[in-house]
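Trainee: So the protein sequences, as listed, match chains A and B.
So the number in my numbering is just where the residue sits in the first sequence, counting from 1, plus 80.
So the number in my numbering is just where the residue sits in the second sequence, counting from 1, plus 22.
Ideal placement from N, C-alpha and C gives every residue a C-beta, glycine not left out.
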Amino acid sequence: MTALLEVDGCTKRFGGLVANHDVTLAIEPGEIVGLIGPNGAGKTTLFNCISGRLHADEGRIRFAGADITRLGADRICHLGVARTWQIVRAFGRMTVLDNVMCGAFGRTNRTSEARVRARRLLDFTGLAGHEPVLAANLTLADKKRLEIARALATQPRLLLLDEAMSGLTPLETAAAVDLVRRIHAELGLAICVVEHVMEVVMPLSHRVVVLDHGEKIAEGEPRDIVRNELVIRAYLGDRYGAGR
Amino acid sequence: MPALALAAAALIALALPIPLQVAGYSYFVTVAFLVILNAMLGVGWNVIGGWAGQFDFGPNVFFAVGAYVAALLAVHLALSPWLGLVAGVGAAVVICAVLTWPITQLRGHYFAIATVAIWMIAQPIGATWELINGSRGLFLPLRPATGPLDAVVSLRFPGRSKALAFYYVILVLFAVTLVLLRMVDRSKLGFYFRAIRDDQEGAEGIGIDSRLYKVIARSITAAVFAAAGVVYAFWALAVFPEQVLDLNWSTFPMMATVVGGIGSLWGPVVGAVLLIPISQLMGATLGAGPLAGRGIDLVVYGVIIMLVAALRPNGLLSLPWRAWGRRLVGRRR
Chain A
81 MTALLEVDGC TKRFGGLVAN HDVTLAIEPG EIVGLIGPNG AGKTTLFNCI
131 SGRLHADEGR IRFAGADITR LGADRICHLG VARTWQIVRA FGRMTVLDNV
181 MCGAFGRTNR TSEARVRARR LLDFTGLAGH EPVLAANLTL ADKKRLEIAR
231 ALATQPRLLL LDEAMSGLTP LETAAAVDLV RRIHAELGLA ICVVEHVMEV
281 VMPLSHRVVV LDHGEKIAEG EPRDIVRNEL VIRAYLGDRY GAGR
Chain B
23 MPALALAAAA LIALALPIPL QVAGYSYFVT VAFLVILNAM LGVGWNVIGG
73 WAGQFDFGPN VFFAVGAYVA ALLAVHLALS PWLGLVAGVG AAVVICAVLT
123 WPITQLRGHY FAIATVAIWM IAQPIGATWE LINGSRGLFL PLRPATGPLD
173 AVVSLRFPGR SKALAFYYVI LVLFAVTLVL LRMVDRSKLG FYFRAIRDDQ
223 EGAEGIGIDS RLYKVIARSI TAAVFAAAGV VYAFWALAVF PEQVLDLNWS
273 TFPMMATVVG GIGSLWGPVV GAVLLIPISQ LMGATLGAGP LAGRGIDLVV
323 YGVIIMLVAA LRPNGLLSLP WRAWGRRLVG RRR
């Protein structure tokens, strides 16, 4: 069995703080994995290590068989890992179309081709009407959507979504969940979602990985995870754990 | 409308110096030469400063590289300035890439400080290096052109025609620069530069090697500065370190860019057309008066920049020109 992404014993420290401790997980091609955990559990740090924004202090990260532990973010993106950001990083002074074209330029040098690909993804993500708008002037929901379109334009095999739904209204959240489902169904990508909102992650994910204080405390199918005592403790405190 | 404005600007640029020359005001033709020279430097600086968003305070180093390389080749090998142009631009690009690669790890103010440091290091080198005659300077060999063709090939123009001829030389070079940079602006390079400016981490996350593209951006800036430096050397007929490394070759293009509109292709052109005549004409008219040599033109620059920064931080080009133009045309109908 060769997984698409293999994280093997990843440890990341910031001075005395251990943000990730010996985290091991794998993502199969075409799988949706939910990565959950309380605030400060180390979810974003793990994303940063996978996407090359940070480098793990210990452990190995492999993507499609290649060791990417020490590679820079741009190299990892070229190999087929794309991500979005918890705090949006849209190119504010560029138009929506230009933002997505920047992603498409990762796979082509021709402006006309990049434009065609970008337009296709704007249609797919429902942003076609906003083409000439400056990214800075979009709503938060549309900015997050734009980041997804831009990430898809790099033609990834694995998409890392860092809280793509936080801060959205219930209606916007439903639309975002629908978009993730369509990315999975129509583009066949493997997706890893970091999310706080349980009602979003549970129905969406095939498998859920739970982090707490930088360590993996549980992994399994969503319906098992919601009954897992360690998980309940991590989220709600000891008082709500069974047997007390 | 922009096509009309472009055609009008091109027509003025082509025709304006002729009546001045005929009337014997070749000084004003020289002012026009300096306007275009600074406009060219401005659009060059705009690539690293405006598009890629990295404040480069020492691009004049490459102005000097261009001037020195072409002058050295003319002095020692009697090489044509046009071949000197190719060599000067090539040398500037290589030197810029080597010098810029390590400092692209720095960001914001620290990058800016590093570019200033490179300029400061260049000054004593220019003043003491024997190969380029140190502070004694390099003098270009004087010999009259054998005919009009030789005049164009060797950039030697007799007497009063010199000002006009050099004006058209820099105008052609400027036009070529604009066409090439417009292509850069619309290509992958232009998109990547602006992506890095807006969010470096975001850019790296979608596969952009920010370091490489910063080096490319600054090397394009260096190429433009070097090309202008070559023309300047043959115009001045001598190259002195304190002259080609003068801070003004950095600050005037930068001010022109900021006043005209940073990040847009034509912003620096608008800024140069406004600022350079002010400096030249004030220098000329106050020459004999009590304010002579007091840098009063810099005071005026300061006021203009403060006004632009306070009222129109995106530069004069961001004013609603299109609406004004439409209103003007509508009224006439």
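Exposed or buried, what is residue 160/B when buried is set at 16 or more other beta-carbons lying within 10 Å of its beta-carbon?
Mentor: Its Cβ being crowded by 16 or more others within 10 Å, residue 160/B is buried.
Trainee: Would DSSP call residue 350/B helix, strand or coil?
Mentor: In this structure, residue 350/B counts as helix in the three-state DSSP scheme.
Trainee: Of all the alpha helix (DSSP H) runs that stay within the bounds of the stretch 217-289 of chain A, which reach a length of 4 or more residues?
Mentor: Runs of the alpha helix (DSSP H) inside the stretch 217-289 of chain A: 220-233, 250-262, 278-284.
Trainee: Going by DSSP, what residues sit across from residue 163/A in a beta bridge?
Mentor: DSSP, once it has assigned bridges, lists 240/A as partnering residue 163/A.
Trainee: Strictly under 8 angstroms for the Cβ-Cβ distance: is residue 217/B near chain A by that measure?
Mentor: Cβ-Cβ to chain A under 8 angstroms: yes for residue 217/B.
Trainee: Can you say whether residue 94/B is buried or exposed, counting buried as having 16 or more other CB atoms within 10 angstroms of its CB?
Mentor: So residue 94/B ends up on the buried side.
Trainee: Under 8 angstroms between C-beta atoms, does residue 183/A make it to chain B?
Mentor: Yes, residue 183/A lies at the interface with chain B (some Cβ there is under 8 angstroms from its Cβ).
Trainee: State yes or no: is the C-beta of residue 226/A within less than 8 angstroms of the C-beta of residue 274/A?
Mentor: Cβ distance not < 8 angstroms, so residue 226/A and residue 274/A don't count as in contact.
Trainee: Using a cut-off of 8 angstroms between C-beta atoms, extract the partners of residue 236/B located in chain A.
Mentor: In chain order: nothing, as chain A lies at least about 13 angstroms away.
Trainee: Give a yes or no on whether 8 angstroms exceeds the smallest Cβ distance from residue 213/B to chain A.
Mentor: Chain A, which has a Cβ nearer than 8 angstroms to the Cβ of residue 213/B, makes this yes.
Trainee: Is the distance from the Cβ of residue 96/B to the Cβ of residue 107/B below 8 angstroms?
Mentor: Going by C-beta atoms, residue 96/B is not nearer than 8 angstroms to residue 107/B.
Trainee: Are the CB atoms of residue 164/A and residue 231/A within a distance shorter than 8 angstroms?
Mentor: It is a contact, given that the beta carbons lie within the stated cut-off.
Trainee: Can you check DSSP and say which residues form a bridge with residue 116/A?
Mentor: Note: residue 116/A sits in a beta bridge opposite 290/A.
Trainee: Between residue 336/B and chain A, is the shortest Cβ-Cβ distance under 8 angstroms, so that the two count as touching?
Mentor: It does not: the Cβ of residue 336/B has no partner Cβ on chain A nearer than 8 angstroms.
Trainee: If I measure Cβ to Cβ from residue 125/A and keep anything under 6 angstroms in the same chain, skipping five residues before and after, which residues do I get?
Mentor: Same-chain partners within the cutoff: 92, 99, 100.
Trainee: Specify whether the stretch 188-208 of chain B and the stretch 217-226 of chain B touch according to this definition: at least 3 beta carbon pairs, one from each stretch, less than 8 angstroms apart.
Mentor: No, they do not touch.
Trainee: Thinking C-beta only, is residue 53/B closer than 8 angstroms to residue 275/B?
Mentor: Their beta carbons are not under 8 angstroms apart, which means residue 275/B does not touch residue 53/B by this criterion.
Trainee: When you compare each of 50/B, 288/B, 192/B, 181/B to residue 304/B by their alpha carbons, which one comes out closest?
Mentor: If we check each option's Cα against that of residue 304/B, 50/B comes out closest.
Trainee: Looking at chain B, which residues of the stretch 225-245 of chain A have a Cβ within less than 9 angstroms of any of its Cβ atoms?
Mentor: Within the stretch 225-245 of chain A, the qualifying residues are 227, 230, 231, 233, 234.
Trainee: I believe residue 115/A touches residue 87/A by the beta-carbon criterion, under 8 angstroms. Please report the beta-carbon distance rounded to the nearest angstrom.
Mentor: Actually they do not touch by this definition, with Cβ atoms about 11 angstroms apart.
Trainee: Residue 87/A lies in the beta strand (DSSP E); which residues open and close that run?
Mentor: Element bounds for residue 87/A: 85-94.
Trainee: Between the stretch 243-252 of chain A and the stretch 168-175 of chain A, are three or more C-beta pairs nearer than 8 angstroms?
Mentor: No, because fewer than three Cβ pairs between the stretch 243-252 of chain A and the stretch 168-175 of chain A fall closer than 8 angstroms, the two stretches do not touch.
Trainee: Name the chain B residues whose beta carbon is nearer than 7 angstroms to that of residue 154/A?
Mentor: Under the 7 angstroms cutoff, chain B gives 226, 229, 230, 231.
Trainee: Mapping DSSP to helix, strand and coil, what is residue 243/B?
Mentor: Helix at residue 243/B.
Trainee: Relative to the C-alpha of residue 252/B, which candidate in 278/B, 195/B, 290/B has its C-alpha closest?
Mentor: Per the Cα distances, 195/B.
Trainee: Taking a contact to mean a Cβ-Cβ separation below 8 angstroms, would you say residue 234/A touches residue 210/B in this structure?
Mentor: No, Cβ-Cβ distance for residue 234/A and residue 210/B is not below 8 angstroms.
Trainee: Which residues in chain C sit within 7 angstroms of residue 142/A, going by Cβ to Cβ distance?
Mentor: Judged by its chain identifiers, the structure shown contains no chain C, and its protein chains are A and B.
Trainee: Please look up how many angstroms separate the CB atoms of residue 126/B and residue 237/B, rounded, as I've assumed it's under 8 angstroms.
Mentor: Contact holds; Cβ gap of about 6 angstroms.
Trainee: By how many angstroms is the C-alpha of residue 194/A removed from the C-alpha of residue 38/B?
Mentor: Each residue's Cα considered, the two are about 42 angstroms apart.
Trainee: Which residues does DSSP pair with residue 106/A in a beta bridge?
Mentor: According to DSSP, which records beta bridges pairwise, residue 106/A is partnered with 86/A.
Trainee: Below 7 angstroms on C-beta distance, what does residue 157/A contact in chain B?
Mentor: Going along chain B in sequence order, the residues near residue 157/A (Cβ under 7 angstroms) are 227, 228, 229.
Trainee: For the candidate residues 243/A, 198/A, 97/A, 295/A, whose alpha-carbon lies nearest to that of residue 181/A?
Mentor: If we check each option's Cα against that of residue 181/A, 198/A comes out closest.
Trainee: Hey, is residue 340/B's beta-carbon within less than 8 angstroms of any beta-carbon in chain A?
Mentor: It does not; no Cβ of chain A falls within 8 angstroms.
Trainee: Using a Cβ cut-off of 9 angstroms, pull out every chain B residue sitting near residue 186/A, in sequence order please.
Mentor: Within chain B, the residues near residue 186/A are 228, 229, 230.
Trainee: Can you tell which of 63/B, 319/B, 88/B has its C-alpha closest to the C-alpha of residue 79/B?
Mentor: Nearest C-alpha to residue 79/B: 63/B.
Trainee: Quick one: which chain B residues come within Cβ less than 8 angstroms of residue 95/A?
Mentor: Per Cβ cutoff of 8 angstroms: no residues; residue 95/A is ~21 angstroms from chain B at best.
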